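In the numbering used here, the protein residues as written are 1253 to 1520. Quick reminder that beta carbons are idealized off the backbone N, C-alpha and C, glycines included. Nothing here was measured: the structure is a model prediction, and the numbers come from that model. Notes to accompany the following structure.
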């Protein structure tokens, strides 16, 4: 219980709880639209942006990561339009480019001494007040977008062509979702790391879809499972001195496996 009285752990809990709400909300729409790999893509591009920020001497290298994720989002949207039949190809292209650029920029280390491990696996215990403000702002934007555009995103998710015929501005809605995803990814890297960040978008969504009987139930279950996994994962990681990001993700996978086992036995 001493952990709960420490400032760094309290900041970790707040940051984790905020992202556990924002990530699954967007992740559910992305999974249903078969864009679940966009999280991995934007996370790798964000790492490349962080490296570029260090090389250029930016005061906040994390801002470089956010800018890179936003640019990658715009590029993905353009490529999705160019390859309508193979929309997922745009994600594969940007992922390859992001990984290649990140490795190249880090190989040009000219003394900026960046700790690449913290970006790959996260460093949630180093969150400061400025980080929490960014995370809270992004979470509020996501919640507001989902509340204001829930019906539009719902229709677009299941039948984008019908949504366009019905008069919905699908291009604008797609862009808003993509930009919000980029923001969530960029602020989540410090929490779970670039290699694990997409798990916060996809695994809770998979859990919600497996157990719920409606889309609304899926949303509530996905957020609830993510919040529980983040809280339990951080407490377990702090108590046993484990990697917090990895612990949270493994707990989410354990919940998903438990659901699959229970569902299989109930169907017998």
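For this session: Taking 8 Å as the threshold, find out whether the stretch 1258-1278 comes into contact with the stretch 1471-1491 through three or more Cβ pairs.
Result: Yes, since at least three Cβ pairs between the stretch 1258-1278 and the stretch 1471-1491 fall closer than 8 Å, the two stretches touch.
Problem set entry | Which of helix, strand or coil DSSP assigns to residue 1426 | Three-state result, residue 1426: helix.
Exercise. With 16 other CB atoms within 10 Å as the buried threshold, where does residue 1430 fall?
Worked result: Buried, since its Cβ has 16 or more Cβ neighbours within 10 Å.
Exercise. Taking Cβ to Cβ, would you say residue 1290 is nearer than 8 Å to residue 1433?
Worked result: Yes, Cβ-Cβ distance for residue 1290 and residue 1433 is below 8 Å.
For this session: Can you say whether residue 1496 is buried or exposed, counting buried as having 16 or more other CB atoms within 10 angstroms of its CB?
Result: That one is buried.
Exercise. Count the other CB atoms within 10 Å of the CB of residue 1343; is the residue buried (16 or more) or exposed (fewer)?
Worked result: In summary, residue 1343 is buried, with 16 or more beta-carbon neighbours lying within 10 Å of its beta-carbon over all protein chains present.
For this session: Count the other CB atoms, across all protein chains shown, that sit within 10 Å of the CB of residue 1493; report buried if there are 16 or more and exposed otherwise.
Result: With fewer than 16 Cβ atoms within 10 Å of its Cβ, residue 1493 is classed as exposed.
Exercise. Just how far apart, CA to CA, sit residue 1298 and residue 1268?
Worked result: C-alpha separation (whole angstroms): 19 Å.
Exercise. Quick one, are the C-beta atoms of residue 1458 and residue 1283 less than 8 Å apart?
Worked result: Yes. Within cutoff.
For this session: Identify every run of the alpha helix (DSSP H) within the stretch 1345-1428, keeping only runs that are complete inside it and at least 4 residues long; order them along the chain.
Result: Segments of the alpha helix (DSSP H) lying fully in the stretch 1345-1428: 1368-1373, 1381-1410, 1412-1417.
Exercise. For residue 1330, which option in 1392, 1436, 1426 has the closest C-alpha, if you only look at C-alpha atoms?
Worked result: Cα-wise, what sits closest to residue 1330 is 1426.
Exercise. Which residue comes first and which comes last in the alpha helix (DSSP H) that contains residue 1454?
Worked result: Unbroken alpha helix (DSSP H) run through residue 1454: 1449-1463.
For this session: Give the secondary structure of residue 1318 by DSSP, where H, G and I count as helix, E and B as strand, and everything else as coil.
Result: Annotated three-state conformation of residue 1318 is helix, per DSSP.
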